[in-house]
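A.B. asks:
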Amino acid sequence: IRNPTVMHKATAEVRHAFAAAGAVSEDALGELRYLQLVIRETLRLHPPLPLLLPRECAIGRDERYWPGGSPEEFRPERFDDGEATAAVDFRGADFELLPFGGGRRMCPGMAFGLANVELPLSSLLFHFDWEVPGMADPTKLDMTEAFGITSRRKENLHLRPLLRVSVPGV
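The numbering of the sequence shown is the numbering used here, which starts it at 843 and goes up by one.
1. When DSSP labels each residue in this structure, what does P962 get in the three-state scheme?
2. With DSSP as the reference, please indicate the residues paired to F970 in a beta bridge.
3. State yes or no: is the C-beta of Y876 within less than 8 Å of the C-beta of E855?
4. So which of P1003, G990 and T981 has the shortest CA-CA distance to R844?
5. Just the C-alpha distance for R946 and R857, rounded to the nearest angstrom, thanks.
6. According to DSSP, is R947 helix, strand or coil?
7. Hey, E960 and R920: beta-carbon distance below 8 Å or not?
8. A852 and F860 - do their beta-carbons sit closer together than 8 Å?
9. Between which two residues does the alpha helix (DSSP H) containing P846 stretch?
10. Please classify P913: is it buried, with 16 or more other beta-carbons within 10 angstroms of its beta-carbon, or exposed?
11. Apart from the five residues just before and just after R1006, which ones in its own chain have a Cβ nearer than 7 Å to its Cβ?
12. DSSP state of A988, grouped into three classes?
13. Around the C-beta of S964, are 16 or more other C-beta atoms found within 10 angstroms, so that it is buried, or is it exposed?
14. Tell me where the alpha helix (DSSP H) around E997 begins and ends.
15. Going by other Cβ atoms of all chains shown within 10 Å of its Cβ, with 16 needed for buried, is L874 buried or exposed?
16. Where do the ends of the alpha helix (DSSP H) carrying I881 lie?
Below you can see the structure in the form of structure tokens.
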């Protein structure tokens, strides 16, 4: 929402991949390359569980490990082939990115968690266009996080879905 170019590109990829079928299926999720990049970048900037106090460490935000633009900037292309950070994996091998922890303390539900992001996100992008009610410029959306045991926004995010492709069975 806050990055209209990224949103448009991810939506176009999902709609192109599932246009013939008319619905999202798990079979083709692996082919959604750009959506995978968006998810990786989202997990880099907004890990589900903050590992350390916010002022103590900058995991995922250190400029030495995230070249090609500000590490605070949302840029999924930093994980694309040909980029210096393309090989960084969030599965615990690279300590530059640890949204699910690492080593023996790594989250056992990582695959389940990713599956619970990919399929619903693909479905939401396929069936709906999204807008922020009462906000002409979504790039000004405040994404400030509140500190706690889980990551969450300080302010709730209110979006309006605009049906684009009918949802089967509804």
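Virtual Cβ for every residue (Gly too), placed ideally from N, Cα, C.
C.D. replies: In short, the structure shows the following:
1. helix
2. L1005
3. yes
4. T981
5. 39 Å
6. helix
7. no
8. no
9. P846 to F860
10. buried
11. H969, F970 and D971
12. strand
13. buried
14. Run containing E997: none; DSSP gives neither H nor E here.
15. buried
16. R875 to L887
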